[in-house]
Amino acid sequence: DGKKFKTRSGETVKLADLLDEALRRARADVEARLEAEGREEGEEFVARVAAAVGIGAVKYADLAMNRQSNYRFSFDKMLSLTGNTAPYMLY
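Rendered as structure tokens:
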């Protein structure tokens with residue numbers, strides 16, 4: 009919505025929630041890719057790949073931005089497989 013985060017009012021997203029959502033979306037993507045390829049992998053494999061992609065995407069998105077400039081946060085952009093993103097580099 010383009011509004012500034014107001015940390016004192018408590019309207020910001022918590023880091024734990026951000027990471028949980030990144031993991032959820034990365035897991036859904038990994039499962040969709042495995043299904044599309046007709047591959048069957050174990051739960052441990054899916055969890056490890058989802059964690060690497062999801063958490064890596066959050067870290068890279070944060071570090072890739074200039075700390076003094078404003079940016080609009082987008083899970084779709086952060087987890088995209090094209091452009092300057094961690095999932096693009098990992099895959």
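Here the working numbering is used: the first residue of the sequence shown is 9, the next is one more, and so on.
We put the beta carbon where it would ideally sit given N, CA and C, even for glycine.
Taking only the alpha-carbon atoms, compute the straight-line gap between residue i and residue j and give it to the nearest angstrom.
{"i": "Leu26", "j": "Gly46", "result": "30 Å"}
{"i": "Gly62", "j": "Val21", "result": "16 Å"}
{"i": "Leu87", "j": "Ala24", "result": "17 Å"}
{"i": "Arg35", "j": "Ser77", "result": "30 Å"}
{"i": "Glu43", "j": "Phe53", "result": "14 Å"}
{"i": "Leu89", "j": "Val38", "result": "12 Å"}
{"i": "Arg41", "j": "Leu31", "result": "15 Å"}
{"i": "Asp70", "j": "Arg16", "result": "21 Å"}
Whole-angstrom Cβ separation of residue i and residue j, contact assumed at under 8 Å?
{"i": "Pro95", "j": "Ala65", "result": "6 Å"}
Considering only the beta carbon of each residue, do residue i and residue j sit closer than 8 Å?
{"i": "Phe81", "j": "Glu29", "result": "no"}
{"i": "Leu98", "j": "Ala55", "result": "no"}
Is residue i helix, strand or coil by DSSP?
{"i": "Val21", "result": "coil"}
{"i": "Glu49", "result": "coil"}
Between which residues of its own chain and residue i is the CB-CB distance below 7 Å, once the five residues before and five after are set aside?
{"i": "Tyr68", "result": "Thr93, Ala94"}
Please indicate yes or no: does the CB of residue i lie closer than 7 Å to some heavy atom of the ligand PLP?
{"i": "Ser82", "result": "Judged by which ligands are present, the structure shown has none, so any question about the ligand PLP falls away."}
Go through its chain and collect everything with a Cβ distance to residue i's Cβ below 8 Å, but skip five positions before and after it.
{"i": "Arg33", "result": "Gly62, Phe83, Leu87"}
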